[in-house]
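A quick write-up on the structure given underneath.
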Amino acid sequence: NNKNREYEKSHFSDAELEKVADEYRETEYRKREECDSWHWCRNCPDWPTTYSIRRYTKPNGNLCKRCEEKEKVNNCIKL
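Residue numbers (this note's numbering): 19 to 97.
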């Protein structure tokens, strides 16, 4: 019913909808073979672009401090 859809659209802000969508997106984690820090923000200066190990679940190892900081201030660009 169109009336319900209009309510649903207006009931949530774009930011709220984007936050929910982020929870369902796969996050790609990368690290260089010779490094022990995992990265997940593409805009991190240390984001591995070549010769990297990749996974799509949060690793148990060390997480990049720069990626953590970007995440805290909502400045993390994910794949």
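We treat Cβ as the ideally placed atom computed from N, Cα and C, and that holds for glycine. None of these values were measured; they are calculated from a predicted model.
{"Asked": "Pairwise C-alpha distance: His29 and Arg60", "Found": "32 Å"}
{"Asked": "Close-in-space but distant-in-sequence residues of the same chain around Tyr47 (CB under 6 Å, 5 per side omitted)", "Found": "Trp56, Trp58, Arg73, Pro77"}
{"Asked": "Whether Cys62 touches Lys90 by CB criterion (8 Å)", "Found": "no"}
{"Asked": "Cα-Cα separation, Cys94 to Ile71", "Found": "20 Å"}
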